[in-house]
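Below is one structure, written out as structure tokens, with a few remarks after it.
Below, the structure is given as structure tokens:
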């Protein structure tokens, strides 16, 4: 995703350190959609990855599957955004990342419940 933003910077003439194309730039909407798709993925990834790590300690296979679904869905989201039509980000499998996130949270909740319900041998 970052590579696509860099290519768009060169192709559309949006130099560093400008984060988004300024108002009135001839390619403002196109570049800003590409940048926003990338930025949004960067905003979502840290929380998901931390939860994925925790879930993967107890449910490695299911967590790996959720991680693959998350990556595929986020890439689909990004590619939709890159069309220049923000509504396109919601097409295809792009919204499955939410399902992957809830699956990972469910795994964490299941592990927490398991830990609370298992007797420790103490009185």
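In our numbering, the protein residues as written are -5 to 117.
Every residue, glycine too, gets a C-beta built ideally from N, C-alpha and C.
As the structure is a prediction and not an experimental result, all values here were calculated from the model.
Worksheet item: Alpha carbon to alpha carbon, what distance is there between residue 22 and residue 58?
Response: For the purposes of this step, residue 58 is taken as the residue at position 64 of the chain shown. For the purposes of this step, residue 22 is taken as the residue at position 28 of the chain shown. Straight-line Cα distance between these residues: approximately 38 Å.
Discussion item. Please report the straight-line C-alpha distance between residue 83 and residue 113, rounded to a whole angstrom.
Written reply: For this step, residue 83 is matched to residue 89 along the chain shown. For this step, residue 113 is matched to residue 119 along the chain shown. The straight-line gap from Cα to Cα measures roughly 47 Å.
Practice prompt. Have a look at 20, 29 and 18 and flag the residue whose alpha-carbon is nearest the alpha-carbon of residue 10.
Written response: As a position in the chain shown, residue 10 is number 16, starting the count at 1. When each option's Cα is compared against that of residue 10, the closest is 29.
Worksheet entry | Selected residue, minimal CA-CA separation from residue 99, among 31, 34 and 50 | On the chain shown, position 105 is the one that residue 99 refers to. For the residues 31, 34 and 50, the minimum Cα distance to residue 99 belongs to 50.
Fill in: Residue burial classification, residue 36 (beta-carbon count within 10 angstroms, cutoff 16)
For the purposes of this step, residue 36 is identified with residue 42 of the chain shown, where counting begins at 1. Exposed.
Discussion item. Between the alpha carbons of residue 80 and residue 5, how many angstroms are there, rounded?
Written reply: Indexing the chain shown from 1 puts residue 80 at position 86. Indexing the chain shown from 1 puts residue 5 at position 11. Distance between the alpha carbons of residue 80 and residue 5 is about 20 Å.
Worksheet entry | Alpha-carbon spacing of residue 24 relative to residue 17, whole angstroms | One-based indexing of the chain shown puts residue 24 at position 30. One-based indexing of the chain shown puts residue 17 at position 23. Their backbone Cα atoms lie some 12 Å apart in a straight line.
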